[in-house]
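Here our numbering is used: position 43 in the sequence shown is 24, and no number is missing along the way. As structure tokens, the structure follows; a few thoughts come after it.
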Amino acid sequence: MDLAIMTYPLFDCGYTLWIADLDTRLMDRFGQSAKMLGIDSRLLRDGYYRGASAASLYDQLRAGLEQDDNAA
């Protein structure tokens, strides 16, 4: 049986540092972490393992969050 499920290690210190960098940027701009903003953790995890930098993912998230703020 061929499952198209990507597996990840139980603990990855690189991811821990990456998400901390992203959360710091979000806290500086929006005053909330990714979790508090309701950002799907799978999106973050997949971005990291896809090779996206914290800065590039932050830029994408920031643009979306600011667009949501302007629409409200």
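Backbone N, C-alpha and C define an ideal beta-carbon position, used for all residues, glycine too.
Query: CB contact flag (R122, Y29, <7 Å); Result: Coverage of the chain is limited to positions -18 through 53, which leaves residue 122 absent and any answer about it impossible.
Query: Contacting residues, own chain, Cβ-Cβ under 8 Å from A15 (five flanking each side not counted); Result: I0, L3, D4, L7, S22, L25, L42
Query: Where the alpha helix (DSSP H) containing G(-5) begins and where it ends; Result: -6 to 11
Query: Supposed contact pair L18 and L46 - C-beta distance, whole angstroms, cut 8 Å; Result: 7 Å
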